[in-house]
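> For the record, in the sequence shown the residue sitting at position 326 is 322 according to the numbering used here, with numbers rising by one throughout. Input: one structure, supplied below.
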Amino acid sequence: MTKISHTFTRWYGKTFLDRPVAVLFCLIVIIAVLGYNAKDFRIDASADALLLENDKDLRYARQISERYGVYNFLLISYAPKNDDLLEQNNLETIGRLRKDLAELDWVDSVLTILDVPLLESPPVSYEDISNDLPNLKSPTIDKNLARIELKESPFYRDLLVSPDLRTTALVVNLKSDPIYNDLIARRNGYLDQKSQNRLSQEDAAHLNAVIDEIRTRQIQMNDIQHKNIAAIRAIMDRYRPQAQLFLGGISMIADDMITYIKNDLKMFGVGVFLLLVFMLGIIFKNFRWIVMPMLCCFLSVICMMGVLGLFDWDVTVISSNFVSLQLIITLSIVVHLVVRYREFQRTLPQADHRTLIKETIRTKFVPCLYAALTTIAGFGSLLLCDIKPVIHFGWMMSIGILVSLGLTFLLFPSGLMLLKRPDPPTEPKYFRFSLTGFLARFTESHGKTILIVTGICSVLAVMGVYRLQVENSFIDYFKKSTEIYQGMAAIDQQLGGTTPLDVIIQFESIDLEAEFAKEDEEFFDPFDDATQEEDYNKYWFMDDRMEMVEKVHDYLDELPETGKVLSLGTLLKIGRRLNDGQSLDSIEMAVLYTKVPDEYKDLILFPFVSFENSEARFALRIIDSMKSLKRNDLLKKIDHDLVHQLKIEKDKVKLSGTMVLYNNMLQSLFASQIKTLGFVALALLVMFLLLFRSIKVALIALFPNLFSAGAVLGVMGWMNIPLDMMTITIAAISIGIAVDDTIHYIYRFRKEIITDGDYYKTLHRCHNTIGHAMYYTSVTIIIGFSILVLSNFWPTIYFGLFTSMAMLIALIAALTLLPQLLVLFKPFGPDTRSSAEMDMG
C-alpha cells in the first residue's frame, strides 16, 4: 500500500502540482459546462414521481380512474364569518366564487351546494323525480328544510357541508390532459408487452421515447399546475373578507411541497453556507482556510446540479436534501486536508510549500478514497428500492461523493500552489483542554464504562428500532402554524377526510336476456335499439346486489378512520328516505334509474357503478389527521373483513386509490432499506477488509458505524417518529456520515502505532491530530445544520436534527468506542515498547 501511495504521489505531483494553472483552467471549463446544464435542474413533488415503477396496483388505479371518470380535483373550504351558511348574501357570494373559478380555462366544472338537487325541501317522492328537481337557487325551496336535509343527507353531509353546517366545500374538477393521457396509455401498452416478453427492440426504443415525452409533459404540467393553483388562490384572496377559505387536494399538496423545497433550498442553503463560513473562521482564523473549503463546497454543488440537469434527474421530496449532504461530504474531505497541511507545517517546518502539499495529498488520498467508497456503499442500499426517485437519490449521492472527492483533490492543491506558503499555525493553550484531549483521557481511564454504556445503548437502540413504524401523513409534514396545515386539517376534520381510497366489489355476471324474458314488457321494448342499453342497465339492480352494497357501505362508514363514504349505497339510503323509510326493491330501483335525470346520474350513480364490468365502487376518504391511524393495518383489516365477515369471495374484492399506492411505496421502502441493512453491513465489511487487510480491524471498524445508524433509528423509534418517504433515508445517511470518521481514525492509528508501539500513546496522538479534523468537521456541520430547525417543513427539520445527531454520535463513537475497541483487541499486534519504557511512561 505504501509503495502504491508513493507511486501515486510522484505521478500526481508531476501531473497536477507542477501544472496548477492548466489544472485550474480545465476545472473552470468543466465547471462552466456543468454549470450551464444546471439550468435544467428541476424539482418534482408530483404523486407519480413517488410511485412504484412496476406496481400492479398503479395500473389498476389508472383503470379505475378511467372507468369511473374520477377527476383530478381541488377542494376549497368556505366558512362565512357570520356563521349562517344559507343566508342569501353568503349564497350569492358562493355563486360569484363558483363563477370566477369556472371561468378558468383549465377548470372542467365546479360543484357547490347551489348545484345539487334537494329532494326533501320540500319532500319529493321517488316516483316524481324529474328534470325539474329544485336546488338552493329555486324560489320554491324551504330554507329550514334545506338546512335539515343538508345536515342529514347521506350524500351531502361531510362532502359539501360540515356536520355543523358552518363550512361548505367547492369541488373544483380539473380538466384532464389528453396528450398526457395518450402518452400514459402508449407507455402502458409497451409495458404490457414487456411483461409478456413480447417487446421488440424497435418497441423498446419507442418505449424510451414515450417515457422521455412523459417526463417533458410532466414538467410542463407542473408549471401549468403551479400557475393554476396561484390563480385559484388569487381568486380566493378576493373573498377572504367575507369568509375563511382553505385550499386542499393532492395537486395542491404536491405543488406546495415543491414550493417549500425550493424555498428551503434557497433560504437554508444560504443560511447553512454562511454558518459554515462563520464556523471555519472561528476554527482556523485564516482567510484562505475559509475560502478554499467553501469554494470546494460551492463548486461541487454546482457541478452536481449540472449532472442532474444533464441526466434529466428531477429532485423529489426524497432527494431534496442532496445539496446539504453534498456540503457535508465536501466539507469533511477538505477540512481533513486543511488540518493535515497545518499539521505538516508544525512537524516539517523546513519543508517547502510544494512538499507540504504533496505530503498532505499522499497521506490523505487513500483514507479519503476509501471513506468515499464506503460512503457510496452506505448509500448503495437505496439502489435496491423499486421507486425510481429513491434509486436516483442513491445514484445522486454516489456520483456526488465522487464529484466532491475529485474536485477537492484537484482544486485544493492547485489553488494552494498559486498562493504563497501561509505562516505556520500557533497552537492555542486551550487545546490542552479541548474535547478531543478530554475524550482521549476519558477513554483511557473509563474504557470499561464506555463498553457498558455502549452495550446498554445498543439494547435500547434495538428496542427503539423495533418500535419503528412505517406511516405517511402529508398533514404532519407541515407545522401547525402554517396555512397549508390549517387548510388540510379543516378539510380533513370537517369535510370528510383527505386521502382517497377506493373499494371495488365485483359481482357475478347475469344473463340479462333471460331476465328480460321473465319480466313484464311494460318497462321496455326489446326491439327498440335506442332503449335496449338503458333497459339492460336498469336490470342490474338486483335485490341481492343491493343488499350487499348496503352492507359494505355501512361497514366502511362505521370504521373510525373513514370520513366520507360514497357509493351506490348512498343512493339507496336517499331512496329509502324518499320512500317513507322503506327500502327500494329491484323493480323500484329500475324505475328510479329511468327517472333520474342524466346530469344527476353523472353525480350520484355513474361514479359508483360499472354496468359493463358488473362491479360497484365505494369511494372513501380517510381522516389523515387521526393520530391513531395505521394505514397498512387499516388496508389489511378492510380486505380481511370484507372476505371473512361479509363473506365476499377474495378475488371479488380489490382496494385501490392514492392510499394504496402510497402505502405500497412505504412498504417497499421499509423492505428495501431497513431489511437490507445487513447487505450494507456486508458491503462495508468487504470495503474495510480491502483497506485494512484484517478481519479483526474490519469488524472493529464496522461496529461503530452500525451503532451510529442504529442509535439514530432507535431515537426515532422511542420518539414515535414514523419512517416515511423522507425519514427512511436516515439509515443510509447515518452510515455514510459515521464511516468517514471511522476510516480516517483507524488509518491514522495504524500508521502511528508503528512509531509509538503503545496503544494508549497512539490513542492520544490520534486524538490530538486526526481527532481535531473529525472534531472540526462535526462541530461545523452540527452548528451549521441547526438552522434547518427554523423550516416550516418537518422533513427538512428532521433532516437537520438527525443529521446533526448522526454527526454527534459518530464523533463520540469514533473518539471513545472505536479507540477502546482498538486498545482492547489490539488488532495491530501487542505493544512493542519494552517493559522499562512502559514503566517510565
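Where a beta carbon is used, it is the ideal one built from N, C-alpha and C, also for glycine.
Hey, out of Ile452, Ser320, Lys354 and Leu415, whose CA is closest to Met393's CA?
Ser320
> At the 7 Å Cβ level, is Arg437 part of the contact set with chain C, yes or no?
Note that chain C does not occur in the displayed structure, where there is just one protein chain.
> Ends of the beta strand (DSSP E) at Tyr64?
Tyr64 -> not in any beta strand (DSSP E); alpha helix (DSSP H) instead, spanning Lys52 to Tyr64.
> Report the start-end ranges of each beta strand (DSSP E) in the segment 633 to 685 that is 3 residues or longer and not cut off at the edges.
649 to 652
> Please look up how many angstroms separate the CB atoms of Val735 and Met801, rounded, as I've assumed it's under 8 Å.
Contact flag wrong, Cβ pair sits at about 16 Å.
> Can you name the residues that DSSP bridges to Asn169?
Phe69 and Ser105
> Between which two residues does the alpha helix (DSSP H) holding Leu588 run?
Ser582 to Lys591
> By DSSP, does Val466 sit in helix, in strand, or in coil?
strand
> Just the C-alpha distance for Asp524 and Thr590, rounded to the nearest angstrom, thanks.
Residue placement at Asp524 cannot be trusted, given a pLDDT of 46 that sits under 50; the coordinates are not used to answer.
> Could you check what DSSP says for Ile501 in three-state terms: helix, strand or coil?
strand
> Can you check DSSP and say which residues form a bridge with Thr558?
Ile618, per the DSSP bridge assignment.
> Is the separation between the beta-carbon of Ser606 and that of Arg63 shorter than 7 Å?
yes
> Name the DSSP bridge partner or partners of Phe789?
Phe474
> If Gly302 and Asn33 are in contact, beta carbons under 8 Å, what's the gap, nearest whole angstrom?
The beta-carbon distance between Gly302 and Asn33, rounded to whole angstroms, is 4 Å. This is short enough to meet the 8 Å contact definition.
> Would you call the segment 774 to 786 and the segment 798 to 814 in contact, with 3 or more CB pairs under 8 Å?
yes
> Mapping the DSSP letters down to three states, classify Thr494 as helix, strand or coil.
coil
> If we ignore side chains and look at the alpha-carbon of each, how far apart do Phe318 and Phe389 end up?
8 Å
> In terms of residue numbering, what span does the beta strand (DSSP E) encompassing Gln240 cover?
Ala239 to Gly244
> Considering Leu379, what are the terminal residues of the alpha helix (DSSP H) in which it resides?
Note, Leu379: premise wrong, no alpha helix (DSSP H); not H, not E.
> In the segment 689 to 746, which residue ranges form an unbroken alpha helix (DSSP H) of at least 4 residues, counting only runs that do not cross its ends?
691 to 714
> What are the residues that DSSP puts in a beta bridge with Ile39?
Answer is Val311, bridged to Ile39.
> Tell me the DSSP bridge mates of Glu116?
Pro119
> For Arg162, name the three-state secondary structure that DSSP assigns.
When DSSP states are grouped into helix, strand and coil, Arg162 belongs to the coil group.
> Are the beta-carbon atoms of His636 and Pro363 separated by less than 7 Å?
no
> Using three-state DSSP, classify Ala347 as helix, strand or coil.
Secondary structure at Ala347: coil, using DSSP grouped into helix, strand and coil.
> Which stretch, first to last residue, makes up the alpha helix (DSSP H) that contains Pro289?
Looking at the DSSP string, the run of the alpha helix (DSSP H) that includes Pro289 is Arg284 to Leu306.
> So what does DSSP say about Glu209, is it helix, strand or coil?
helix
> What are the boundary residues of the alpha helix (DSSP H) that Pro815 is part of?
Membership of Pro815 in the alpha helix (DSSP H) is indicated by the continuous run Leu814 to Phe821.
> Among the residues of its own chain, which have a CB less than 7 Å from the CB of Tyr366, if the five just before and after it don't count?
Met683, Leu687 and Ile739
> Given a threshold of 16 other Cβ atoms within 10 Å of its Cβ, counted over all protein chains shown, does Met836 qualify as buried or as exposed?
Bear in mind that the predicted position of Met836 carries a pLDDT of just 42, short of 50, making it unreliable; the figure below should be weighed with that in mind. Flag for Met836 reads exposed.
> Could you tell me the distance, in whole angstroms, from the CA atom of Phe340 to the CA atom of Leu695?
31 Å
> Decide if Phe824 is buried, meaning its Cβ has at least 16 other Cβ atoms within 10 Å, or exposed.
buried
> Keeping to the same chain, check which residues put their C-beta closer than 6 Å to that of Val331; ignore five residues upstream and five downstream.
Ala769, Tyr772 and Thr773
> Going by DSSP, what residue range makes up the alpha helix (DSSP H) through Ile125?
From DSSP, Ile125 is part of no alpha helix (DSSP H); its letter is neither H nor E.
> Determine, using beta-carbon pairs with one atom in the segment 802 to 817 and one in the segment 427 to 441, whether at least three such pairs fall under 8 Å.
yes
> Buried or exposed: where does Tyr481 fall if 16 or more other Cβ atoms within 10 Å of its Cβ makes it buried?
buried
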